[in-house]
Structure formats: structure tokens, C-alpha cells
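**Student:** Handing you this structure, nothing more for now.
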Amino acid sequence: MSALLVEVSSISRSYSMRSGMFGRSTAVHAVDGVSLTIPKGDTLGLVGESGSGKSTTGRIVLGLEPPDRGEVRFDGKPMAILGTPAWRAQRARMQMIFQDPLGALDRRLPVATQIREPLDIHGLGASAEREDRVRELLRAVELTPAHGGRYPGALSGGQRQRIVLARALATKPDFLVCDEPVSALDVSIQAQVVNLLCDLQAQLGLTLLFISHDLRVVRQISNVVAVMYLGRIVEVGSADDLFARPEHPYTQALVSASPAPGRRSAGRIVLAGDPPNPAARPQGCAFHPRCPRAIARCASEVPVLSSVGGGRQVACHLVTGPRAETRDAA
Amino acid sequence: MMGRYFAIRIGRAALTIVLVVTFAFVVLRLSGDPALMILGPEAPPEVLAAFRKAWGLDDPIWFQYLDYFSAIVKGELGRSMRDGRPAIDLVLERIPATLALTLPAFVFKVALGIPAGIYAALHRGSAIDRAVMMTAVAGFTVPSFVLALLLVLVFAVQLGWLPSGGQDSWRHAILPIATLSLGGAAVLARFTRSAMLEVLGQPYIRTASAKGVPWRKVVTSHALPNAAIPTVTILGFMVGTLIAGAVVVESVFSWPGVGRLLVVAVANRDLAVVQCILLLVALTMVSSNLIVDFLYGFLDPRLRAKGAHA
Amino acid sequence: MAPLVNIEGLRVAFGGVPVLRGVDLTLGKGEALGLVGESGSGKSVTWLAALGLLPRHAKVSGSVSLDGREILGAPASLLDQIRGGRVAMIFQDPASALNPVLTIRKQLCEALALHRDLSGKTVKAEALRLLNLVGIPDAARRLAAYPHEFSGGQVQRIMIAMALAGNPDLLIADEPTTALDATIQAQILELLSTVRREMGMAMVLISHDLGVVAENCDRVAVMYAGRIVEQAPANQLFADPVHPYAQGLIGALPPLDGPRRRLTAIPGTVPDPAHMPRGCAFAPRCVFAAEPCGLAAPSLAPIADDRAVACIRAEASRRALLGIAAE
């Protein structure tokens, strides 16, 4: 097994949120006891619906937000304290890409200048070398130097996301957190960017945390996928296996809800109820009010994420038994 | 819960008033010696000293401030250093004259500005829209004293239809009211137009049309209630200027209102009167803001419901 | 059977820039038609134009008939009866699709008052029935609530209730689940298919999501750059797409099971409507493009029963087919 680049151990993060302008403030547990590991050069996919805490997890892993509890270790060392030189050195090795490339770019600057910016900030290379590096980065994301002279407004959505990607790669990071990077793009453009990400990862040996609500895209790009529901991980497994044979009732519903061409909606699991509210998390298993298979125990006892063999971990009282055929092997 | 909402608002309003009063006090004390201003530089030193003693001007400044402040809390707003009458009386007797200008002007602003803004928004890009916008920009950018002088030049000097100043008959009020109305109507028209355009571009307007609601009704029952929310802000501001929004216009037209009293009192360092007017202005501003906040709650269920939920 | 809606040569231009460049489409009674395509392909504009819901500066030409009666450019009074009465529409962003300052009751009853001969108590009873039908819990109390007090999924249910108020023959659902989470999307799609079945209503489902369309529609039309490029029964289209763009769209969709393969991305981007390429609009991105593709735009022509494609390669193979048949 290759060395772990990112180790997240039981991080939690809650916010106090006021319900309305004059409400009492309530604690919202955005992330609750999440543990993850990402080996060097791997991609971990994080899926979940709104309110699942997947984006907060991404921000904590990047050190943009401190966890209330728990720890994030990067390349064997704990995250440096925000703002220190050690932190800046660490930050240059990790970058982030968001859903909205237009919001991430400055409309008033040519995109080449923006790709160059991290090089200037971190003082990487002489001036002429930086120019070369910008051209190299533009080529890496399959754009031409001519694109570099344009402004964000003159580029298409897919091209803008490539620029954001080029900028993120400028400091030669080891680790990239991608939060819904292709969700705003049309299908054909989405495929271009997904292919590009896969290629770059292979070329540069990048480690990725890929956050998305889109099961298909996550599966396409990830080695291992974790499914989050209301701040907790409910299932982890290898990308190929997880969606083919989901064990957790929530994962099963998610897979079933993902429409597929050539399949009529026969036997679809349609969950009742609204998407969960992180400010009012149910007792016991957070999923139990919507779970078609819930038993009495689910309402009182929080299920623990535990291995069921075959590299699969599930947090569900009903999936206790190890998968028979794989238990001994694992 | 709404109670707490308003308690916070009222607390903030009170704080605003305290700050205004303090600011006025500091600025006025620092800008010159009232004794010298009122008695003149040739006054003998003992007269000046007596004047200062009589008005408490030789006390330490923080003592004067506390003294002044406690008096305000008790409702005593001091006396004019000029003629010794209570400052509040001087101010109150000028208010009707000011309102005689600002109230009709307010009505005209609303009656002109809002319909013009709505019409312009509904006929965006039309000749009338462009005309309304050009007028609005002109009314917006031309300072009121320039507009006032222009009106005087045309209607008083050239045509001789109306008097150029004074307060002898209703005809004297026409030009000042017109000056006040035109500028305000322009601001209001611009504001209403942009609020209306914003609302007309919202998806729920398309939903209403897709339901088969006739366009007239889409405008009146779907667009207007939403456009009213931002418009109320600017209306609230206009209500806030009813008392002292006519300083320039009153000066140009020699209209004996609160505004002119303020100009004269500032020039004379008549501290009590200036402070009294400032307090009054702060009070009207702050209370109109409170009314706006209350109206928001009435117009926008999103704010109201937040109160009810908590 | 006479079609419910027949669209012929529908063109739309904004400020001289064509966004819809000749759309022909028919829709049978009770049929579920899917309309897929990327943003800017004109799938929403087609129906907004048909119902006269585009801004005034849009230039619309062509013909749209409902039950044989021309409605394009019809007087406002007739359109107001059709909109919400014969043809209802729901939109993508539930959060802003309802008027924030009016209660659900007011907005629902408004639709009922416009299209149904109901009065007083019966209006409220019918509003309640509709809310129950679309699965709003505690409907009687919730009638007095405002849109922001509902979740996104619930607002979309209310939109559906409002659309059903006029007993329409056709529901146009414009990306109805795009803004919703996966499990809520499944709920809304199920609700749509239930009400459609029960009311015998035709539906046009506009979506960028091939899966959504495949599962919920009988027939699918693929749009590209303001034109329909392929039209086929849903199962045939996804099993055997003919137009290179339809093939590309399906190839670009990552599979959810089976072996992972590299996605077949369509190179390049959608052409700028102000600078359309001559000939086939897809040619610059098409791996099969040949010289004739740049000369004239291929027309949508049938290649089999109920299938039509706008591609010269399909035309060539069709001619070959016809040649064989003639012998």
C-alpha cells in the first residue's frame, strides 16, 4: 500500500446558526466525526446531497477552516497553523477548484496574469521562467497561449474551468480538492474536463479529493468513494464496487435515484420526506426517518462506520454481518 | 419576538440620536467662541467673561457636555444666545412654514415619480422611457440651488408670473415647492424604474404569465407588491427630510422655515438653536427609518416569518 | 390522430441573433416528449416562444398550432386562456418561481379562478385537493404559508399543483428537477409521471439530463444550436443514436456500472449564435465531418418510422436504403 498523503481523523465542525433574524442560535453539526485517508496519487470521491457536509469537509481538509475536534495530517505532519510561513509552504502544495469558475476568476484581468499570480505570490522562478510556466500550464489544460490574453468573460464555461485548473496547478501542488468542478458545465464539456483531470492526475501524480453530488462523475474519476449524509460518512467502498452493490440503504436510494438512459424507472426506491436539515438532526441514525428499512434501534443508537470486508465500510445497524465471501480474505 | 426586533431597532435609533447630539456639540464648540461671535471682537473682556459665565461657557468642556446632555434628557433644550427665548420655541414656530413646502412637495414627488418610474419600466427603451430617464438624470444631477435659481430666472424674472421670494401668499410657495418636487421626483422615478425592472425580470413574473394571468394583473398584483419593498426605503428617506430638507431652497427663496433658522443660527454660533434643530432632524430621520423597518415587515413576508418562526 | 401541438419552422432571434433556427415538432395527445440539449440549444426558447412568453424584443416567426388552431401571434386574450388552461408550464428554479410576497393560497386560487368556473368555498376546496394530490402534508394549514416556508422540493410540488389547476392537456416541464437533490428529483419525477398518467396529460420534459429524459419520456428530440438534430423513440435513441451529436452526448455520460472507460468527449464548444458556421452547425465539432457538411445545413428527414435525423450521413444511408428498396 502506498503512503498516505492525507489523513483525516474524526474531524467535527459545528456552526451556530440563528434561525431567522431574531431566533435563538442553534448548533448546526455540519461535519461530525469524519475520518478519511487518501493514499498518494489516489482520488477519493465524496458524494452527498446538500447539507451532507461534503464541502465543509473539503474546506477543513484544505485547512481553510479549523476543525472543532479531530485532526488533519498532510504528508505525515499535522496541518500548520493558519497564516504561519509553514502554513504557506503547506498551502502551496494543496489547491482547490470550485464549481463556479467565473466567481473564482477576476473579470478585470487577462487569464494569463491570473495563472501567473500564485507564482508571484510564492516567488517561484525568475520572471521569464514564470512566463514559460504560464504557457506550459495553458498547454497542460489544452488551451493555447492566445487564450491567456483573454478576459474571463470572453471564455466559455469549460475554458474558464480549465484556467482555474491551470492556476491551481501553477505551484505544482501534490493535492487538489475539487468541489463540484464540473457541475455547472454541459455534459459534453463536462466530459472534456473530467478526461483532462484524469490525464493530469496520471501525468503529475496528483492526489485528489473530488466532491460532487453526481454519482457518475465521482465514479468515473475516483478510486475510492465515501458517501456522506448529514455530516457523517455512511458508506465507503471502491468506486467500481460501491455503486454496483450499495449496502447502505441511503446509498441504495441514491444509486436508484440516478436516472440511466435505457432503463425505465422500474423498482426505483423513492425516499419519502424532505432533504435533511443539519440544524435538526434526528436522534440515532440520521437517516432513519427516511429509511425504508429502519428498525427501532435505528431511532436511538448511532450506527458506527465499520468494515464489512472487501474494503467496504458501512454505518448501518442492518448491515452488520460481514459480506460472507470476503470476510476471511479481508 | 417582533417585540425584541423592535427593541433592538429602537435601541439603535436612540444611540444614533446620542451620537448626532454629541457630534453637533463637539463640532460647534470647536469651531469658534460663541461669546466673540455674538458680542463681537470689540466687546470688553469683562462683558465677554460675564457672557461666558452666564452661558456656562467657561466650564470644562466635558462638564458643559454633561450639563447639556442631562438637560436634553429632562427635555430642556436651552435658550437662544441671541434673544434668550427657549430654543425649542424658536424652532417649533418655524416648522409649519417648512412643512408648508415639504409636505406638498412630498405628495408631488410620489405622485410624479412613482408612476413615471413604473411607466418607464413597463415601456423600457421607448421614447417615453428615454424622456423620463433623461429628465430624471437632469433632476438628479442639477443641485437644488441651481434649479431654484433657474426657476426664479424663468418664472419670476423673465415671465414675471411668480414672486422670487418671501412668504406673503400661496403664490410664493409655488417655486420652492416645484424645486423640491422636481429633484425628489427624479430620484424616485429612477429608483422605482430600476426596482420595477428588477422585479419584472424575476422568474415568478414568468410563472404568473404562464398561468394565464393577464399582463395588467401581472403588473398590479405580482410585480408592484415586490417592487414596493425597495421603493419604501427611498420614501422613508424622503419622509425623514420633511423637517430640514429645505435648507437650500428656503435660503434661496427667503422662506422663513426651519432651514433658514438653521443657517442663521450656525452663522451666529447660536448653539442651543443649532443643537435643537439637529436633534429634531435626527429624531425625524430615525423615526422614519423605524417606520420603514416596520413597513418592510408588513410588505415582505420573508422578514415577518423569520420573526414568527424563532 | 391529429396532433395536439404542431410546430413548423419556428424561428426566434434576439436583437438580430438567431437562437432558434427552424424547429419542426409535433406532439400527440397524452404523449411524453423529451427535449434534450445543452444550454443555449433552444429547448426552453421553443416553448416560451410557442406560448408568447418571450420578451417583446424577441423576433418570432413560423407556426405553432394547438389542436389545429394557430396560436403564434394570437391575441393576448386567447393566449391567456391557453396559458395555464390548455398548456401549463413549470420551471427550473423553484425558489424564485413563486411570488415571494403572496401566499400559496393566493397563487393557487388565482390559477383556479382564471381557468375554472369555481367560486368561493369550492375554490379553496379545489386548492386543497390539488395540494393533497401533489403530496403537500398538512395542506389545510399550509395554504396560508408563503413560498419561502417550503423546501425546494415542496415548492416544485406546489408549482405542479398550480400547473394542474387548469386541467391542462399539456404540461411543459422546463428542467423541473435540475435544482433539486437526487432523492428529491426522484420524488418529483415520480409525481410527474403519476399525475400525467392519471390526467391523461401530454408532457414535454425539457432537460439537459439524458437519464431523466430517457426514463420519463416516450419520444426524445435532441436539439443543437437552435435546431432539432435527431428525433426518436426514447429506447431507440439511447440504444442506437444516429446523429454524431446524439452519439457524443451519450458517450459523454459516465456509466454508473460496468467497466469504466474513457469518456468520449465532444471536442470544442457550442458555436456562438452570432457567428454560426455555414452548413451543419455541429460540423466544426464532428469527428465525421466531411466537405459537404460545410455547404448546407442538413434538414431533419425521416430515416425510419418515427425516427428522423438531420445529418448528411444519415441522408446518404437513407438514399442507399431507398435505392435498395426500389430495386
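Protein chains in written order, with the working numbering: chain W, 418 to 747; chain Z, 747 to 1056; chain U, 8 to 334. Beta carbons are placed, not taken as given, at the ideal position from N, Cα and C, and that holds for glycine. The structure presented is a predicted model; accordingly, all values stated were derived computationally and were not measured.
#1: When you compare the CB positions of residue 307/U and residue 235/U, do they come within less than 8 Å of one another, or not?
#2: Using a Cβ cut-off of 8 Å (strictly closer), state whether residue 997/Z contacts chain U.
#3: Just checking: is the beta-carbon of residue 475/W within a distance shorter than 8 Å of some beta-carbon in chain U?
#4: Rounded to whole angstroms, what is the Cα-Cα separation between residue 769/Z and residue 476/W?
#5: Within its chain, find whatever has a CB closer than 8 Å to the CB of residue 69/U; leave out the 5 residues flanking it on each side and keep chain order.
#6: Taking the continuous beta strand (DSSP E) assigned at residue 66/U, which residues delimit it?
#7: Which chain Z residues are close to residue 277/U, counting only those with a beta carbon under 7 Å from its beta carbon?
#8: Figure out for me which residue from 22/U, 11/U, 9/U and 12/U has the closest Cα to the Cα of residue 335/U.
#9: Give, in chain order, every residue of the stretch 452-470 of chain W whose Cβ lies closer than 8 Å to some Cβ of chain U.
#10: Quick one, which residues of the stretch 19-41 of chain U are near chain Z if we go by CB-CB under 9 Å, in chain order?
#11: Can you find a C-beta in chain U that's less than 8 Å from the C-beta of residue 1045/Z?
#12: Short check: CB of residue 687/W to CB of residue 132/U, under 8 Å?
#13: Rounded to a whole number of angstroms, what is the C-alpha to C-alpha distance between residue 991/Z and residue 1033/Z?
#14: Can you confirm whether residue 17/U, when its beta carbon is compared against all beta carbons of chain Z, has any partner nearer than 8 Å?
#15: Can you check whether the CB of residue 576/W is closer than 8 Å to the CB of residue 598/W?
#16: How big is the Cα-Cα spacing for residue 261/U and residue 466/W?
#17: Tell me whether residue 852/Z is buried or exposed, calling it buried when 16 or more other Cβ atoms sit within 10 Å of its Cβ.
#18: Express the C-alpha separation of residue 88/U and residue 249/U in angstroms, rounding to a whole number.
#19: Which runs of the beta strand (DSSP E) fall wholly inside the stretch 435-486 of chain W and span at least 3 residues, in chain order?
#20: Any beta-carbon of chain W closer than 8 Å to the one on residue 261/U?
#21: Would you call the stretch 239-255 of chain U and the stretch 533-542 of chain W touching, i.e. three or more CB-CB distances under 8 Å?
#22: When we look at the beta-carbon of residue 771/Z and count the other beta-carbons within 10 Å, is it buried (16 or more) or exposed?
#23: Please tell me whether residue 950/Z has its Cβ less than 8 Å away from any Cβ of chain U.
#24: Could you give the residue range of the alpha helix (DSSP H) that holds residue 658/W?
#25: Write down the C-beta distance between residue 462/W and residue 695/W rounded to the nearest angstrom, noting that I regard them as a contact closer than 8 Å.
#26: Taking 8 Å as the CB-CB limit, is residue 1056/Z close to chain U?
#27: Of all the options 752/Z, 763/Z and 758/Z, which has the alpha carbon lying nearest to the alpha carbon of residue 1029/Z?
#28: Quick check on the DSSP output: what are the complete alpha helix (DSSP H) runs of length 4 or more inside the stretch 638-711 of chain W, in order along the chain?
#29: Let's see if you can read the secondary structure: which residues bound the beta strand (DSSP E) around residue 19/U?
#30: How far does the alpha helix (DSSP H) with residue 715/W in it extend, from its first residue to its last?
#31: Does the count of Cβ pairs from the stretch 822-831 of chain Z and the stretch 949-968 of chain Z closer than 8 Å reach three?
#32: What's the gap between the Cα of residue 197/U and the Cα of residue 677/W?
#33: Kindly indicate which three-state DSSP category residue 77/U falls into: helix, strand or coil?
#34: According to DSSP, simplified to helix, strand and coil, what is residue 198/U?
#35: Cα-Cα, which of 429/W, 524/W, 443/W and 614/W is closest to residue 453/W?
#36: Excluding five sequence neighbours on each side, which residues of the same chain lie with their C-beta closer than 7 Å to the C-beta of residue 615/W?
**Tutor:** The structure says:
#1: Residue numbering aside, residue 307/U sits at position 300 when the third sequence is read from its first letter. Residue numbering aside, residue 235/U sits at position 228 when the third sequence is read from its first letter. Yes, Cβ-Cβ distance for residue 307/U and residue 235/U is below 8 Å.
#2: Position 251 of the second sequence holds residue 997/Z. Output row for residue 997/Z: interface = no.
#3: To locate residue 475/W, count along the first sequence from 1; it is residue 58. Output row for residue 475/W: interface = no.
#4: Residue numbering aside, residue 769/Z sits at position 23 when the second sequence is read from its first letter. Residue numbering aside, residue 476/W sits at position 59 when the first sequence is read from its first letter. So the two alpha carbons sit approximately 45 Å from each other.
#5: Numbered from 1 along the third sequence, position 62 holds the residue referred to as residue 69/U. Closer than 8 Å at Cβ, skipping near neighbours: 14, 15, 16, 17, 18, 29, 30 and 79.
#6: Within the third sequence, numbered from 1, the residue matching residue 66/U stands at position 59. Residues 65-73.
#7: Residue mapping note: residue 277/U aligns to position 270 of the third sequence, counting from 1. Correct list: empty, because the minimum Cβ distance to chain Z is about 24 Å.
#8: With chain U covering only 8 through 334, there is no way to say anything about residue 335/U.
#9: 466 and 467
#10: none
#11: The residue you call residue 1045/Z lines up with position 299 of the second sequence. Answer yes: the Cβ-Cβ gap between residue 1045/Z and chain U drops below 8 Å somewhere.
#12: Mapped onto the first sequence, residue 687/W falls at position 270. Mapped onto the third sequence, residue 132/U falls at position 125. No.
#13: Here the question's residue 991/Z lines up with position 245 in the second sequence. Here the question's residue 1033/Z lines up with position 287 in the second sequence. Those two C-alpha atoms are separated by around 15 Å.
#14: Position 10 of the third sequence holds residue 17/U. Judged by the 8 Å Cβ criterion, residue 17/U is not in contact with chain Z.
#15: The residue given as residue 598/W occupies position 181 in the first sequence. The residue given as residue 576/W occupies position 159 in the first sequence. No, the Cβ-Cβ distance between residue 598/W and residue 576/W is not below 8 Å.
#16: Sequence index remark: in the third sequence, residue 261/U carries index 254 (1-based). Sequence index remark: in the first sequence, residue 466/W carries index 49 (1-based). Their Cα atoms are separated by approximately 19 Å.
#17: For the purposes of this step, residue 852/Z is identified with residue 106 of the second sequence, where counting begins at 1. Residue 852/Z comes out buried.
#18: Your numbering for residue 249/U matches position 242 in the third sequence. Your numbering for residue 88/U matches position 81 in the third sequence. If I take the Cα positions, the gap works out to 40 Å.
#19: 442-456 and 460-464
#20: Taking the third sequence and counting its residues from 1, one reaches residue 261/U at position 254. Answer yes: the Cβ-Cβ gap between residue 261/U and chain W drops below 8 Å somewhere.
#21: no
#22: Here residue 771/Z refers to the residue found at position 25 of the second sequence. Looking at its Cβ environment, which holds 16 or more other Cβ atoms inside 10 Å, residue 771/Z is buried.
#23: Counting from 1 along the second sequence, the entry for residue 950/Z is found at position 204. So, interface residue.
#24: Here the question's residue 658/W lines up with position 241 in the first sequence. Counting along the chain, the alpha helix (DSSP H) containing residue 658/W begins and ends at 656-659.
#25: If you number the first sequence from 1, residue 462/W lands on position 45. If you number the first sequence from 1, residue 695/W lands on position 278. In fact, because the Cβ distance is near 21 Å, the residues do not count as touching under 8 Å.
#26: Counted from its first residue, the second sequence places residue 1056/Z at position 310. Note that residue 1056/Z scores a pLDDT of 31, beneath 50, so its modelled location is shaky; the value from the coordinates is reported in the next line. Residue 1056/Z does not count as touching chain U.
#27: Numbered from its first residue, the second sequence carries residue 1029/Z at position 283. It is 763/Z.
#28: 656-659 and 666-674
#29: Taking the third sequence and counting its residues from 1, the one referred to as residue 19/U is at position 12. Start and end: 12-21.
#30: As a first step, residue 715/W is located in the first sequence; it is residue number 298 there, counting from the start. Element bounds for residue 715/W: n/a, residue is neither H nor E.
#31: no
#32: Here residue 197/U refers to the residue found at position 190 of the third sequence. Here residue 677/W refers to the residue found at position 260 of the first sequence. Looking at the two C-alpha atoms, the distance is approximately 15 Å.
#33: Reading the third sequence from its first residue, position 70 is the one you call residue 77/U. Of the three classes helix, strand and coil, the one that applies to residue 77/U here is strand, per DSSP.
#34: Numbered from 1 along the third sequence, position 191 holds the residue referred to as residue 198/U. Residue state, collapsed to three classes: helix.
#35: Taking the first residue of the first sequence as position 1, residue 453/W is located at position 36. When each option's Cα is compared against that of residue 453/W, the closest is 429/W.
#36: Looking up residue 615/W in the first sequence gives position 198. Around residue 615/W: 638.
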